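Everything on this sheet refers to the single structure shown next.
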Amino acid sequence: MLSKEEIEAYSEEFYAPIFKYCMKRLSVKSDAEDASQETFAVFSEKGHLLNPAHVKPWLLTTAHYMVLKEYQRRYVKKDKECYFDEEMTELSRKVRSFQDDLIDYYMESHLDEIYSRLNEREKEIFDLYSDGSMKTGEIAKLLGIDPHACSMRKKRVEEKCRDIMEEILFY
């Protein structure tokens, strides 16, 4: 996990590449500066959660979301005219992959916080599935529900856990 000094050092090291990325995507200097600054503002808050090996992908992922946020702002501002090219769609897929990898990596270390944000019903499903010893049919019988419904609940809890972890790391 990063110290304040390391966060400052990484901010200095990666500001220029992140700004360049934002500038290439947004083409307006002031918008690129804003997106870069927002990226590093979030980094100053969340950087302590990261390992040094993940700083660069995390910064790129966050910068990408700041670029998308700017596109959305432009879309609303300019009578819903915004050009979102195929290159951005492909880049979104790559960034999503970085993000998924980071979420998977840090999920285990934040299970207590994730668990605390689940409601009682979600905690029950989480507890039953988390050790991996019970099959869906057994859990469904225990809960008195259909196996398909049990499987869908599990999927929703998994998605909620990922959303919580995404919020912890990126927002």
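With this note's numbering applied, the sequence shown covers 62 to 232. From the three backbone atoms N, C-alpha and C, an ideal C-beta is built for every residue, glycine too. Quantities reported herein were computed from a predicted structural model and do not represent experimental measurements.
*Comparing alpha-carbon positions, which option in Thr197, Cys83 and Ile229 lies nearest Glu99?*
Sequence index remark: in the sequence shown, residue 99 carries index 38 (1-based). Closest by alpha carbon: Cys83.
*Provide the residue span of the alpha helix (DSSP H) that contains Ile200, from first to last.*
Here residue 200 refers to the residue found at position 139 of the sequence shown. Thr197 to Leu204 is the extent of the alpha helix (DSSP H) around Ile200.
_Is it the case that the segment 171 to 184 contacts the segment 197 to 207, given that we only count it when at least three CB pairs across the two stretches are under 8 Å?_
At 8 Å Cβ cutoff, the stretches do not touch.
*Which of helix, strand or coil DSSP assigns to Asp192*: Here residue 192 corresponds to residue number 131 of the sequence shown, with the count starting at 1. If DSSP states are grouped into helix, strand and coil, Asp192 belongs with coil.
*Measure from the alpha carbon of Lys85 to the alpha carbon of each residue in Ser72, Val218 and Leu129, then state which is nearest.*
On the sequence shown, position 24 is the one that residue 85 refers to. Closest option to Lys85, Cα to Cα, is Leu129.
*What is the rounded straight-line gap between the Cα of Ile186 and the Cα of Lys107?*
Start at 1 with the first residue of the sequence shown, and residue 186 comes out as number 125. Start at 1 with the first residue of the sequence shown, and residue 107 comes out as number 46. In a straight line, the C-alpha of Ile186 is about 29 Å away from that of Lys107.
*Please say whether Glu131 and Ala96 have beta carbons closer to each other than 8 Å?*
To locate residue 96, count along the sequence shown from 1; it is residue 35. To locate residue 131, count along the sequence shown from 1; it is residue 70. Contact annotation: Ala96 and Glu131 have beta-carbon atoms nearer than 8 Å.
*Limits of the unbroken alpha helix (DSSP H) element including Leu110*: The residue given as residue 110 occupies position 49 in the sequence shown. Where Leu110 is concerned, there is no enclosing alpha helix (DSSP H), given that its DSSP letter is neither H nor E.
*Please name the residue, chosen from Phe101, Glu67, Ser105 and Met168, that lies closest to Ala77 on a Cα-to-Cα basis.*
As a working mapping, residue 77 is identified with position 16 in the sequence shown. The shortest Cα separation from Ala77 among Phe101, Glu67, Ser105 and Met168 belongs to Phe101.
*Out of Tyr167, Arg214 and Phe80, point me to the one whose CA is closest to Glu94's CA.*
Position 33 of the sequence shown, counting from 1, holds the residue named residue 94. Out of Tyr167, Arg214 and Phe80, Phe80 has the C-alpha closest to the C-alpha of Glu94.
*Compute the distance between the beta-carbons of Met226 and Ile164, then report whether it is under 8 Å.*
Position 165 of the sequence shown holds residue 226. Position 103 of the sequence shown holds residue 164. The answer is yes: Cβ separation under 8 Å.
_One question on the structure: do Tyr71 and Val116 come within less than 8 Å of each other, judged by their Cβ atoms?_
Here residue 71 refers to the residue found at position 10 when the sequence shown is read from its first residue. Here residue 116 refers to the residue found at position 55 when the sequence shown is read from its first residue. Contact flag set, yes.
_Please determine whether the Cβ atom of Ala102 lies at a distance below 7 Å from any heavy atom of the ligand ATP._
With respect to the ligand ATP, the structure shown offers nothing to examine, as it has no ligands at all.
*Determine the direct distance from the alpha carbon of Ser105 to that of Glu168, and round the result to whole angstroms.*
Here residue 168 refers to the residue found at position 107 when the sequence shown is read from its first residue. Here residue 105 refers to the residue found at position 44 when the sequence shown is read from its first residue. Here residue 168 is Met; the residue named in the question, Glu, does not match the sequence. Answer to the nearest angstrom: the Cα atoms are 20 Å apart.
*Buried versus exposed call for Ala114 [16 or more other C-beta atoms within 10 Å across all chains shown]*: The residue you call residue 114 lines up with position 53 of the sequence shown. Its Cβ having fewer than 16 others within 10 Å, Ala114 is exposed.
*Name the two residues that bound the continuous alpha helix (DSSP H) containing Tyr76.*
Locating residue 76 in the sequence shown gives position 15, where the first residue counts as 1. Note, Tyr76: alpha helix (DSSP H), Lys65 to Leu87.
*Within this structure, are the beta carbons of Phe159 and Thr197 separated by less than 8 Å?*
Start at 1 with the first residue of the sequence shown, and residue 159 comes out as number 98. Start at 1 with the first residue of the sequence shown, and residue 197 comes out as number 136. No, these two residues do not count as a Cβ contact at 8 Å.
*Rounded to the nearest angstrom, how far is the Cβ of Phe231 from that of Tyr126, given a contact under 8 Å?*
Walking along the sequence shown from the start, residue 231 turns up at place 170. Walking along the sequence shown from the start, residue 126 turns up at place 65. 7 Å between Cβ atoms; contact.
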